[in-house]
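Taking it in order: structure first as structure tokens, then the write-up.
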Amino acid sequence: MDEETRARISIILAEFDGRDVAIGDAGRENTKTVNRVARLVRLNLSGGEKTFRRNVAVYKVADSLETLEIGAERAGGGVWRLIARWTGTDAPAL
Numbered sequence: 044m045d046e047e048t049r050a051r052i053s054i055i056l057a058e059f060d061g062r063d064v065a066i067g068d069a070g071r072e073n074t075k076t077v078n079r080v081a082r083l084v085r086l087n088l089s090g091g092e093k094t095f096r097r098n099v100a101v102y103k104v105a106d107s108l109e110t111l112e113i114g115a116e117r118a119g120g121g122v123w124r125l126i127a128r129w130t131g132t133d134a135p136a137l
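Residues are numbered in my numbering as their position in the sequence shown, beginning at 1, plus a constant of 43.
Next up, the structure:
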């Protein structure tokens, strides 16, 4: 993956990461994030975590060592905090 693509993905992730949304909007926002990133690179679902407090999918970026974590964690009061960030060995700093 080239640096321009990596920068564009980082911008998309930054738009979503840390935002607080209602429980009903969390899934819709996560789908938007995955769809926007998938237009730039191929993503392969490689795992995740689904608990009462956290619902996160881990995607492997094709042809790269990086992975993305996209999902949400419970913030309380019916509010969920979105997670959209790089993970993995060569994850760039945001």
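Don't be surprised by glycine CBs; every beta carbon is placed ideally from N, CA and C.
- Note that the C-beta distance between ILE66 and GLY121 is below 8 Å.
- Under the 10 Å beta carbon count, ASN78 is surrounded by fewer than 16 other beta carbons and is classified as exposed.
- Excluding the 5 residues flanking it on each side, ASP63 has same chain C-beta neighbours closer than 6 Å at ALA118, VAL122 and ARG124, in chain order.
- From the listed residues ILE54, TRP129, SER107 and ASP106, the smallest Cα separation to ALA100 is found for TRP129.
- Inter-residue distance for ASP45 and ARG85 is about 14 Å (C-alpha atoms, whole angstroms).
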